[in-house]
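S.K.: Residue numbers (the working numbering), protein chains in the order written: chain E, 1 to 267; chain P, 1 to 281.
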Amino acid sequence: MLFPMIAVLRYSLLDGAIMKPNAAFVGLENYQTIFSDPVFWQAVGQTLYFTIMSVVFHLLIGLAFALMLNSDRIDPKIRSVLRVLYILPWLFTAVIIAIIWRLLLDPNGVINGVLIALHIVNFKVEWFSSTKTALNALTFANIWAGYPLYMVSLLAGLQGISRDLYEAAGIDGANELQKFRYITIPQLMPIMISIALLDFIWTMQVFPLVWMTTGGGPIYATEVLSTYTYKLAFSRYQFSLAAASAICILIMSMSVTYFYIKHQKAR
Amino acid sequence: MAKRSLSKTVLPTVLTYLGLAVGLVFAGFPILWMFFTSLKSNTEIFALPPRLLPGQFTMIAYRSIFDDPTKVRFFLNSYLVAGVVTVLTVLIAILTAYGFSRYSFWGKNALNVFIISTQTVPPITLLIPYFGMVVTFGIFDSYFALILTYMVFTLPYAILLMTGYLNTLPKEMDEAVLVDGGSSWSALWRVIVPLSLPGIVATAVYTFLLAWNEFLFALTLTKSMEMRTVPIGIELLMGQHAFEWNEMMAMSVLGSLPLLVLYLIAQRYFLAGMTAGSVKS
Chain E
1 MLFPMIAVLR YSLLDGAIMK PNAAFVGLEN YQTIFSDPVF WQAVGQTLYF TIMSVVFHLL
61 IGLAFALMLN SDRIDPKIRS VLRVLYILPW LFTAVIIAII WRLLLDPNGV INGVLIALHI
121 VNFKVEWFSS TKTALNALTF ANIWAGYPLY MVSLLAGLQG ISRDLYEAAG IDGANELQKF
181 RYITIPQLMP IMISIALLDF IWTMQVFPLV WMTTGGGPIY ATEVLSTYTY KLAFSRYQFS
241 LAAASAICIL IMSMSVTYFY IKHQKAR
Chain P
1 MAKRSLSKTV LPTVLTYLGL AVGLVFAGFP ILWMFFTSLK SNTEIFALPP RLLPGQFTMI
61 AYRSIFDDPT KVRFFLNSYL VAGVVTVLTV LIAILTAYGF SRYSFWGKNA LNVFIISTQT
121 VPPITLLIPY FGMVVTFGIF DSYFALILTY MVFTLPYAIL LMTGYLNTLP KEMDEAVLVD
181 GGSSWSALWR VIVPLSLPGI VATAVYTFLL AWNEFLFALT LTKSMEMRTV PIGIELLMGQ
241 HAFEWNEMMA MSVLGSLPLL VLYLIAQRYF LAGMTAGSVK S
């Protein structure tokens, strides 16, 4: 684990790592090349957009499902069946998620069929191959795939909140909204922060979903840092540039990890 | 008065059911669509208007997978790699977690932080040096390359989950064995392991899931058709000539089956183990 990290750092300071037997030391030249590439900055922006949207919607959907599944209004049998069904998207591999959504969002696919029948759109939208919609289509597929982890953890968190707290608040005359605002949310906060930070780190590193739906295209419209790096290494064999870009991803991940570890220790 | 209480109790219930129904469509529809597409013939897939159920159920997509030794091999490879990774990971994790939860030693805290932070290292960052190492050691395109690299990712999770679980077991239990003259080795295997079975099951299922789903390393560190795993098999199928959607969906159903089965069997342990591990790590 430590050795490969040192190796990748070394590659990023060489000219032509792996490909040349005696690659020369070039200092930060590879980083300069990467930073002057507009596609790199586009990939950074798109990675952040994709990640932030995913984390926010994962959290909202996961919380909504957890609250509904925890509600006493619902028959317990239905709750336990639904809990299993709602987790299902989590069990699918990114590759499979990618092709399911390619099928659903195909220009001739069922989603366009429904939208046209309802007169919401009047032509066959090319979700994954139009520069306007590709990034959002990709983000949507990722939101679908990622909320269950939040749901499961928040459900466990909700079941851990003592009923006495709600009863005491009820005696003090608090309404449902106030109970939610002043008991549920603060009690769930540590879990929400941990998962959101972990999810942020993982989503930033996303590869298979993007690779299998759009491959970063059309014309870089969905290029994220991992696909950018992968192409540098394994399509253009520029391992040194790829290493520099990989180090940038590592630094971004590690800076969020710092907060994650600090948060874990504080708990 | 009666009307007022009605709107106060019935309306939220109806709204909650409605929300759950919307959620069910959101979560379940793509999966149902995948399943039924795998039972359609390829001409029926983009039929207009779109229909969920096939007009005529056919197993043709499944038959063409089982009749093709290359595709069967994808599945065998995935089972083999994920199985070996799971067994090795769980064994190492039990031993490490036992050390973590029962002994204090110099540098334990630093090691713990190190393990937590390895969970967050981007795979793409490690891919480049691993590619170099795998080529140098001459294990490119082998099971060995996949098993070794997967364990770098599965071990940190497994150790954290197991440590979290072992911390919930009281120390007095293994101390009782020591008082009776047993070694800490026998305390581990005769007391700790049987008691922590739920935690072990959860760890094993999660490890299997990670290894079964892995894509990036399998894509890069193997090359020949004989070494490819299921996710790469699906990718290759996708790259081929015309899109055989029914066959890709059948591959996906078969590729998700082991995880669904494992999850349903181990569900109770899995959720309990995951939360015990994550809450206490």
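Glycine included, each C-beta is placed from N, C-alpha and C at the ideal position. As the structure is a computational prediction, the values presented were derived from the model and not from experiment.
#1: Buried or exposed: I219 (chain E), going by 16 or more other Cβ atoms within 10 Å of its Cβ?
#2: Since E244 (chain P) and V95 (chain E) are thought to touch, with beta carbons under 8 angstroms apart, how far apart are those beta carbons, to the nearest angstrom?
#3: Would S101 (chain P) and V253 (chain P) qualify as a contact pair, given that the criterion is a beta-carbon distance under 8 angstroms?
#4: Which class does K280 (chain P) belong to by DSSP, given the choice of helix, strand or coil?
#5: Closer than 7 angstroms by beta-carbon distance: list the chain P residues that pair up with N230 (chain E), in chain order.
#6: What's the call for F215 (chain P), buried or exposed, on a 16-neighbour Cβ count within 10 Å?
#7: So what's F100 (chain P) in DSSP terms, helix, strand or just coil?
#8: Check whether chain E comes within 8 angstroms of A158 (chain P), counting only Cβ atoms and requiring the distance to be less than that.
#9: Contact between the segment 169-179 of chain E and the segment 83-92 of chain E is defined here as three or more beta-carbon pairs at a separation below 8 angstroms; is this criterion met?
#10: Quick one: is Q267 (chain P) near chain E, going by C-beta distance under 8 angstroms?
#11: Would you kindly work out how many angstroms separate the C-alpha atoms of T203 (chain E) and A47 (chain P), rounded to a whole number?
#12: Does the segment 28-35 of chain E come close enough to the segment 231-245 of chain E that 3 or more CB-CB pairs lie under 8 angstroms?
#13: Check the Cβ-Cβ distances between F36 (chain P) and every residue of chain E, and say whether any is below 8 angstroms.
#14: Candidates P:M248, P:R228 and P:V205: which alpha carbon is nearest P258 (chain P)'s?
#15: If you count every other CB in all the chains shown that lies within 10 Å of the CB of Y271 (chain E), and 16 or more means buried, which is it?
#16: Could you give the uninterrupted runs of the alpha helix (DSSP H) lying entirely in the segment 230-264 of chain P, keeping only those of 4 residues or more?
#17: With a cut-off of 8 angstroms on the beta carbons, I'd call I185 (chain E) and P30 (chain P) a contact; round off their distance for me.
#18: If Y150 (chain E) sits next to L250 (chain E), beta carbons under 8 angstroms apart, how far is it from one beta carbon to the other, in whole angstroms?
#19: Quick one: residues in its chain with C-beta nearer than 6 angstroms to the C-beta of P231 (chain P), no 5 flanking neighbours on either side, listed in chain order?
#20: Is the number of C-beta pairs between the segment 149-157 of chain P and the segment 248-266 of chain E that are closer than 8 angstroms three or more?
#21: In terms of alpha-carbon separation, which member of P:G55, P:Y143, P:V177 and P:L80 lies closest to F217 (chain P)?
#22: Go ahead and pull the three-state DSSP assignment for L155 (chain E).
#23: Would you identify the three-state DSSP class for L20 (chain P), choosing helix, strand or coil?
#24: Tell me the rounded alpha-carbon separation between G27 (chain E) and P21 (chain E).
#25: Taking DSSP's pairing of strands, which residues face A7 (chain E) in a bridge?
#26: Could you tell me how far apart the beta carbons of T229 (chain P) and S78 (chain P) are, in whole angstroms, since I believe they sit closer than 8 angstroms?
#27: Count the other C-beta atoms from every protein chain shown that fall within 10 angstroms of the C-beta of A24 (chain E), then say buried if there are 16 or more, exposed otherwise.
#28: Would you report the Cα separation of I60 (chain P) and L232 (chain E), rounded to the nearest angstrom?
#29: Rounded to a whole number of angstroms, what is the C-alpha to C-alpha distance between I92 (chain P) and V85 (chain P)?
#30: Closer than 7 angstroms, Cβ to any Cβ of chain P: which residues of the segment 193-223 of chain E, in chain order?
#31: Within 10 Å of its beta-carbon, does P12 (chain P) have 16 or more other beta-carbons around it, so buried, or fewer, so exposed?
#32: What residue range is occupied by the uninterrupted alpha helix (DSSP H) comprising D199 (chain E)?
#33: At the 8 angstroms Cβ level, is Y86 (chain E) part of the contact set with chain P, yes or no?
#34: Which one or two residues does DSSP pair with F25 (chain E) in a beta bridge?
#35: Out of E:C248, E:L155 and E:Y182, which one is the CA nearest neighbour of A272 (chain E)?
M.R.: Checking against the coordinates, here is how it stands:
#1: exposed
#2: That pair is no contact at about 16 angstroms.
#3: no
#4: Caution applies to K280 (chain P), whose pLDDT of 37 falls short of 50 and renders its modelled position unreliable; the model cannot decide the point.
#5: One detail in the question is off: residue 230 (chain E) reads as Tyr in this sequence, not Asn. Those are I124, listed as they occur along chain P.
#6: buried
#7: helix
#8: no
#9: no
#10: yes
#11: 35 angstroms
#12: yes
#13: no
#14: P:V205
#15: The requested residue 271 (chain E) is not part of the displayed model; chain E covers only 1 to 267.
#16: 230-239
#17: Actually they do not touch by this definition, with Cβ atoms about 30 angstroms apart.
#18: So it is not a contact: roughly 25 angstroms between Cβ atoms.
#19: F215
#20: no
#21: P:Y143
#22: helix
#23: helix
#24: 18 angstroms
#25: According to DSSP, A7 (chain E) bridges with nothing at all.
#26: 4 angstroms
#27: exposed
#28: 40 angstroms
#29: 11 angstroms
#30: I201, Q205, F207, P208 and M212
#31: exposed
#32: I185 to M204
#33: yes
#34: E:L14
#35: Nothing about residue 272 (chain E) can be reported from this structure: the residues present for chain E run from 1 to 267 only.
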